[in-house]
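Notes for the one structure printed next.
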Amino acid sequence: MIATGCRIGEASGLTSDKIDFAKKTVTISSSMQSHDLRVDEYYEDTVKTVAGERVEQLPDFAIAALKRAIHRNTVFDRRMKELPSDAFHEFQVIFRTEYGSPITSHSFREVLGRIKADLEKNCEKRYGFKWTKNPVPHSFRHIHISVLRDDSSVTLKEVQERVGHVEERTTDGYTHRLSHSQEESVEVIDTFARKVGISLQPV
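FYI, the numbering for the sequence shown is 2 to 204, going by my numbering.
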């Protein structure tokens, strides 16, 4: 999400066929609906807005993360066949829990809650400042936009195209598919990832 600015539902529903590793792009065209639903009731829906359907170039650390997740899924799928359990769920999405169900806003918030508790306890000792933030899944979208808007080489139009978060009048005259290079955005996000220590290691 920090690499693309996508919403948690868009990330939850992402499947391997939406990734073009040769072109380093992701097609965001659907969203996983899970709110107040049991796992077996989750369903794929359209993205939030018309502008939300888009193709984005991916930074290198996102490509590496996707490959790691896909590899992990291959191992999980094999284990699920060898040792079937009612606890396991079969989904073809890339980002899954340890039981195979999609990582949703709810499950991601639980992870972020554990990280927040650890930071509140240890951040000052480890990093020299007190932790006061309350991270939520949408925080990563805000970070993506903020990092790009803070760099003058990235135009507002490019940021809007990447995140699909625009008013209709703003989008008149251009499509929501990848119509030009997003190299400036990708370079800025990759630089940010290196700065904060996000791994670029492949599988």
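Using N, Cα and C, we set each Cβ at its ideal position, and we do this for glycine too.
In the three-state DSSP reduction, V197 falls in the helix class (H, G or I). With 16 or more neighbouring CB atoms inside 10 Å of its own CB, Y43 falls in the buried class. I146 and D37 have their C-alpha atoms roughly 29 Å apart. Note on A4: 16 or more other CB atoms within 10 angstroms of its CB, so buried under the neighbour-count rule.
Two segments are said to touch when three or more pairs of C-beta atoms, one from each, lie closer than 8 Å; by this definition the region 150-159 does not touch the region 118-132.
The beta carbon of G165 is closer than 6 Å to those of A52, G53, R55 in its chain, skipping five residues each way along the sequence. By the beta-carbon neighbour count (other beta carbons within 10 angstroms, threshold 16), L59 is buried. The C-alpha of Y100 is placed about 10 Å away from the C-alpha of F92.
Closest in C-alpha terms to V94, from the list R110, K49, Q34, V112, comes Q34.
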